[in-house]
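K.L.:
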Amino acid sequence: MSDVPNKTGLAPDVAPDVAPGFSPLSADLKVGATTQVILKAALRDLAKEWIAQGKVVAGPVKTKPGLILYAPLASAEEIVWEGFVHPANSAKEFVFPRHELLCRYQMEGNRVELTNGGVEVAAQILIAVRPCDAAALPILDHVFNWDYRDESYNRRREATTVVTLACASHDESCFCTSVGLGPQSERGSDVMLFDLGDAYEVRCLTEKGRALFAGRTQASERTAPPNLGPEPRFSPEHIKKFVDEHFSSPFWQDETLACLGCGACAYNCPTCHCFDIVDEGNGQHGERVRNWDSCQFAQFTLHASGHNPRPDQGSRQRQRVLHKFSIYPEKFGEILCTGCGNCTRNCPEGQGLLTLLTGIEHA
Amino acid sequence: MSEANQFEPKIVAYVCNWCTYLGADLAGTTRLEYPANVRIIRLPCTGRIDFNLLIKAFEIGADAVLVSGCHPGDCHYTAGNYHARRRWILFRELLDTLGFDLRRIYFTWISAAEGRKWQEEITRITEETRQLGPYRELYQKNGFRRPAPPPPPKPPAPNKSAMAAQEQQLRETCTRLLTEGTVQVVIGYGASGPAFIRRAEDVGKLIWNTDCQANLTTYLKRKEIKRLGKAAVVVKGCDERGLVILEKESQIDRQTLRVIGMACDGMGQPKCDTCEVHQPRFADEIIGDVAPGFSPAPADLKVGVTAATHPLDALMKMSPAERMSFWAQEFERCVKCYACRQVCPLCYCERCIGDKNRPVAIDTSATPKGNFAWHITRAFHLAGRCVGCGECTRACPEGIPLGLLNLALARAAEKHFGYQAGMDSKVEPLIGSYALTDKEDFIR
C-alpha cells in the first residue's frame, strides 16, 4: 500500500472525511442488507500483492489497440476492468493450455527412457473473468474426470482461484441467458465482483475465495442492482429436439455455406475441449504433447483409409451443435455452451453458433 | 579458456548432388583440409531444396546454413538453380523481415571442379560463424517491447450514396443472371456475412456498403460451394487480383465463372491507402464507376514505395534481433486456428503442408518453433502470389499482423523483379518461372 498516495485507501472522488468503505448513499442501496465491498484502489493493491507473492495472476489485458485478451499480468495496472464485453480468447487456456508437454522420451539402443512432463503448477488467480468463462470450468471438469482423471488438468484446476467480474453490459453476440446463465451467474466462480462505481461488491462463494479476500473487505449496505442481460434468443430444449430429429436435414448444408473450416470459434470457446496428441522429435529423442484440435478441421475425422465420415462443413457444424446441445447434455445433464458469443466475435465471416441456433429456432 | 575459444560452430550445408557435392568430394580426394564443422546434406538439385530445410537446420541447433549448387548455366536439370536463385532472393527478404541473422545464411555456386573453392568457403563460413558465436537470438523475445507502430492515416470516407446506387444495380444484375440461368448461385455480401443467393427473389439480401470487407473469392475453392453449380462472385478490385492468380494456376474456369466487379473508393481500411485497383478490370459485369485517376491516398503510397508511417517500414527500421523479438511476441499469441489459411483465396491445397503428419513437416504445436515454422511457410507459399487483400490479418482472432510478411514479399517481388501479383493476367507466375537476368548480390 505504501506506493498509494491516499493512505485511507479511498477512491479519489470520495471525500476524505468519510469512513472507509462507506461511500455516499447510492440509488442501489438496499436497506438492512449487509454486503462486503472492496474499494477499487484496494483491489488493485491486493492484486499487486498476489503478483508479489509469486502467484500467476491473469486477467483481461489490452494486448494492442482493439484487442483484449486474457493473459498473465506483469503488473496489476494491466487489468482492463471495463469498457469491453468479452476478451477475444477464453479463460480455459489457464486450465487447459493450447500446448502441453505430456512426457519426454529418449531412446538408446533397445532402451527407452520416459520422463514425465509434469511441470510445477503455480497457484494462479484468474481475475475479472467473465461469468460465461467461469461457468465453463465446472463443465470442463466433467470432461476431464468422467472416466480418466486427467492429472495435469486437475492440478491446474486445483491451483486456480476464479475471481469473476459480473457483466454490466452485453453485445449482440452475447446469449448467456439462452443457455440458463446470466450476466451475474455465480457458477464456477470462487468470488464474484459487482461494480459499484468506486468499489466492488465482493461475494465470496468458496473457501478458496474467502481465503483470498479474508480481512480485505468491509461491511456495507450497498449492493449491485440486478442485471437481466440479453433477451433469450432460443430455447435449448428446442435446439436439442431439432438436432436429434434433423440429422440428415439439408438445413446443415444450406446454413453453413459461409463456414471456411478454421478453428477460430472452437479455439476461443470456453467449453470446446478437443485435443490431439502428437509426438514431436526424432528417432532418438522427443516429446509427446497435447495440442488443441477442432471438429471444424477437415482432418479431425479423416480416416487413414482416406474416408472422412464428416466430409463437409455442414456435417462438421452439425457435430458442433450436436455435441453442445445433445451429446454432452445427455451424458452430463447440462449444455456445453455458456453463451459467451466468442464464436461469433471471432468468426472471420461473422457466423458463429448463434447464427445457426437462431436459424434453428426459426426453422 | 573463454567461451569464444571453446565454441565450435555447427554448420549445415545443403548441396546439390551434381556440382557442389562433387566439389566437396574433390576437396577430400585431393586432401584439401577444411574445418570439420560442416554437416553435408546431399539433395538432387538446389531447385529441390525446400526453404523449410533452412529453418529446420536452425531449429535443431545450426549456427549457420549454407546452400550450394551448380553455377548458373551448369544445372544438371537445365534450370533448377535458376528457380532456386529466384526463390532465395525472395526468401532472404522474408527472413530479413522476420529478423533472422542473414550473416548466418550463405549461398554459393561451387562446381565439381572447384574443390579448392569448397575448402575456402567452408573455412570462411566456419571462421565468420565462430566470430558471431552461437545463434542464441533464434525465436527469442529478449524482453524487447516496443509500442505498436501507429496505424496509417484513414482514407476519406467512401461515397455512401454512390454505394446505394451500386447496390441497386448489383441486385438487378444478379436477378438477370439467376433468371436467365447463367449462374446457379451468386456469392455476394449479405447483412450478416457472405450470402449465397440461389433464387432471383432473394437478391434483396445482397448488400453493398463499407461492411463488405471479406474477399469472397475464397469460396470458389470450397467444394460445398462448387456443388451449388455455376457461380457468380462479387468482387472489389483488390479481390479480383486473386482471380488472376487462380486462373493462372488453373484453379478456376473463367468460361463458367461470372465475375461481378464493384467499383470501390475504398472501404476505409488501411489497405485501401495503397490500393491501385479501385476499378475492376477483368470482371464480366462492372458495377459503378471510379473517376479516372481517382486515388484516396497520396500517389507515393504504393506497394514497394516507402511511406514513412507504414507499420512495415517502422518494423524494418529495427535491428534484426528486435524484429525477431517483435515477431516472437506476435506469434506467441498464435493458437494455430488456421483462420489465416482458411480465409485466404490462394491457400487452396487439398491437404496443406501444415496438416501433413507422415512425416510431420511443420509442428502442429503452438510453440515458438511450431508457430514460426507455420507462419514462414504460409507467407512464403504466397510469395509472388499474395494480392494483399489483407484477409489473413483481418481473420486472425489474436490480432497478429500477418499481412506484413506478405507485404514484405510483395515489395521484394516488385523491387527485384518488377512483379505485382494479379495485376497483369499475361505475366507468368513469379515462382515457377525464372529469368537468366535475375540479379542478386549474395551468392558467392
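Protein chains in written order, with our numbering: chain S, 1 to 363; chain C, 1001 to 1444. Note that CB positions come from ideal geometry on N, CA and C, so glycine has one too.
#1: Name the chain C residues that come within less than 8 Å of E221/S, Cβ to Cβ?
#2: Give every residue of the same chain whose Cβ lies closer than 7 Å to the Cβ of W50/S, excluding the five residues on either side of it in the sequence, and list them in chain order.
#3: Under 8 Å, CB to CB, which of the residues in the segment 1249 to 1262 of chain C have a partner in chain S?
#4: Between A91/S, P183/S, G333/S and H303/S, which lies nearest to L228/S when the distance is taken from Cα to Cα?
#5: Residues bridged to P72/S by DSSP?
#6: Are the C-beta of T1217/C and some C-beta of chain D separated by less than 7 Å?
#7: Can you confirm whether V289/S, when its beta carbon is compared against all beta carbons of chain C, has any partner nearer than 7 Å?
#8: For a test of the three-state rule: what should DSSP assign to C347/S, helix, strand or coil?
#9: Is F1380/C near Y1139/C, with beta carbons less than 7 Å apart?
#10: Identify the residues that DSSP records as bridge partners of G1193/C: which are they?
#11: I want to see whether chain S comes within less than 7 Å of C1337/C, judged by CB atoms only; does it?
#12: For H1416/C, which of helix, strand or coil comes out of DSSP?
#13: Which word fits A1027/C, buried or exposed, when buried means at least 16 other C-beta atoms lie within 10 angstroms of its C-beta?
#14: Can you check which of these residues, A1321/C, Y1219/C, L1177/C and P1009/C, is closest to R1199/C by C-alpha distance?
#15: Closer than 6 Å by C-beta to K1336/C: which residues in its own chain qualify, once you throw out the five before and the five after it? Chain order, please.
#16: Per DSSP, what kind of secondary structure is T1052/C in: helix, strand or coil?
#17: Output yes if chain C places a C-beta closer than 7 Å to the C-beta of L67/S; else output no.
#18: Return the CA-CA distance between K1205/C and S248/S, expressed in angstroms with no decimal places.
#19: So the alpha helix (DSSP H) N154/S belongs to, where does it begin and stop?
#20: Who pairs with I1287/C in a beta bridge, going by DSSP?
#21: Listed from N- to C-terminal order along the chain, which residues in the segment 1191 to 1213 of chain C have their beta-carbon within a distance smaller than 7 Å of any beta-carbon of chain S?
#22: State the Cα-Cα distance for the pair I1245/C and S326/S, rounded to the nearest angstrom.
#23: Touch check for the segment 1409 to 1424 of chain C and the segment 101 to 120 of chain S: three-plus C-beta pairs under 8 Å?
#24: Buried or exposed: L357/S, going by 16 or more other Cβ atoms within 10 Å of its Cβ?
#25: In chain order, what residues of the same chain have a beta carbon less than 7 Å from the beta carbon of H170/S, not counting five sequence neighbours either side?
#26: Applying the criterion that 16 or more other CB atoms from any shown protein chain within 10 Å of the CB defines a buried residue, is C272/S buried or exposed?
#27: By the three-class DSSP mapping on this structure, what secondary structure does W1018/C have?
#28: At which residues does the beta strand (DSSP E) containing H99/S begin and terminate?
#29: So if I threshold CB-CB distances at 8 Å, which residues from the segment 1162 to 1192 of chain C count as touching chain S?
#30: Using 10 angstroms around the beta-carbon of Y148/S, count the other beta-carbons present and answer buried if the total reaches 16, otherwise exposed.
#31: So if I threshold CB-CB distances at 9 Å, which residues from the segment 1354 to 1388 of chain C count as touching chain S?
#32: Taking the alpha-carbon positions, what's the P348/S to L1382/C distance?
#33: Can you name the start and end residues of the alpha helix (DSSP H) that M192/S belongs to?
#34: Let me know the secondary structure DSSP gives A1165/C once reduced to three states.
#35: What does G359/S touch in chain C if you count any residue whose Cβ is under 7 Å from its own?
#36: Would R268/S be called buried (16 or more neighbouring beta carbons within 10 Å of its own) or exposed?
P.N.:
On the basis of the supplied data:
#1: One-based indexing of the first sequence puts residue 221/S at position 221. Here the premise fails: no neighbours, minimum Cβ distance about 43 Å.
#2: Stepping through the first sequence from its first residue, residue 50/S is reached at position 50. Correct list, in chain order: V57 and I125.
#3: Per Cβ criterion, the list is empty.
#4: Here the question's residue 228/S lines up with position 228 in the first sequence. Ranked by Cα distance from L228/S, the first of A91/S, P183/S, G333/S and H303/S is P183/S.
#5: What you label residue 72/S is simply residue 72 of the first sequence in a count that begins at 1. Partner(s): A58/S.
#6: The question asks about chain D, but that chain is absent: this structure's protein chains are S and C.
#7: Along the first sequence, one-based indexing puts residue 289/S at 289. By this cut-off, V289/S is an interface position.
#8: Translated into positions along the first sequence, residue 347/S becomes position 347. It is coil, neither helix nor strand.
#9: Taking the first residue of the second sequence as position 1, residue 1380/C is located at position 380. Taking the first residue of the second sequence as position 1, residue 1139/C is located at position 139. No; because the gap between Cβ atoms is not below 7 Å, this pair is not in contact.
#10: Residue mapping note: residue 1193/C aligns to position 193 of the second sequence, counting from 1. G1190/C.
#11: Locating residue 1337/C in the second sequence gives position 337, counting from the first residue. With 7 Å as the cut-off, C1337/C counts as an interface residue toward chain S.
#12: Residue numbering aside, residue 1416/C sits at position 416 when the second sequence is read from its first letter. Correct three-state label for H1416/C: helix.
#13: Taking the first residue of the second sequence as 1, we reach residue 1027/C at position 27. Its Cβ being crowded by 16 or more others within 10 Å, A1027/C is buried.
#14: Working through the second sequence from its first residue, we reach residue 1199/C at position 199. Closest option to R1199/C, Cα to Cα, is L1177/C.
#15: Taking the first residue of the second sequence as 1, we reach residue 1336/C at position 336. Answer for K1336/C: A1366, listed in chain order.
#16: Residue mapping note: residue 1052/C aligns to position 52 of the second sequence, counting from 1. Inspection of the sequence shows that residue 1052/C is occupied by Asn rather than by Thr. N1052/C: helix per DSSP, three-state reduction.
#17: By 1-based counting over the first sequence, the position of residue 67/S is 67. Yes, because at least one Cβ of chain C sits closer than 7 Å to the Cβ of L67/S.
#18: Taking the second sequence and counting its residues from 1, one reaches residue 1205/C at position 205. Taking the first sequence and counting its residues from 1, one reaches residue 248/S at position 248. The straight-line gap from Cα to Cα measures roughly 27 Å.
#19: Locating residue 154/S in the first sequence gives position 154, where the first residue counts as 1. Element bounds for N154/S: E151 to E158.
#20: Numbered from 1 along the second sequence, position 287 holds the residue referred to as residue 1287/C. DSSP lists M1262/C as partners of I1287/C.
#21: Shown in chain order are the members of the segment 1191 to 1213 of chain C whose Cβ falls below 7 Å from a Cβ of chain S: S1192, G1193, P1194 and F1196.
#22: One-based indexing of the second sequence puts residue 1245/C at position 245. One-based indexing of the first sequence puts residue 326/S at position 326. Near 44 Å, if we compare the C-alpha coordinates of S326/S and I1245/C.
#23: no
#24: The residue given as residue 357/S occupies position 357 in the first sequence. L357/S should be labelled buried.
#25: Position 170 of the first sequence, counted from the first residue, corresponds to residue 170/S. V85, P183, G229 and P230, listed in sequence order.
#26: For the purposes of this step, residue 272/S is identified with residue 272 of the first sequence, where counting begins at 1. Classification for C272/S: buried.
#27: Here residue 1018/C refers to the residue found at position 18 of the second sequence. W1018/C falls in the coil class under three-state DSSP.
#28: Sequence index remark: in the first sequence, residue 99/S carries index 99 (1-based). Per DSSP, H99/S belongs to the beta strand (DSSP E) from H99 to E108.
#29: S1192
#30: As a first step, residue 148/S must be located in the first sequence, where it is residue number 148. Exposed, by the Cβ-count rule.
#31: D1355, N1357, V1360, D1363, T1364, S1365, A1366, T1367, K1369 and G1370
#32: Sequence index remark: in the first sequence, residue 348/S carries index 348 (1-based). Sequence index remark: in the second sequence, residue 1382/C carries index 382 (1-based). The alpha-carbon atoms of P348/S and L1382/C are separated by roughly 20 Å.
#33: Taking the first residue of the first sequence as 1, we reach residue 192/S at position 192. Looking at the DSSP string, M192/S is not in any alpha helix (DSSP H); the run it does join, the beta strand (DSSP E), is V191 to D195.
#34: Along the second sequence, one-based indexing puts residue 1165/C at 165. Here A1165/C sits in helix by DSSP.
#35: Residue 359/S sits at position 359 when you count from the first residue of the first sequence. Near G359/S there are no residues of chain C at all, since even the closest Cβ is about 11 Å away, more than 7 Å.
#36: For this step, residue 268/S is matched to residue 268 along the first sequence. According to the sequence shown, residue 268/S is Asn rather than Arg. That one is buried.
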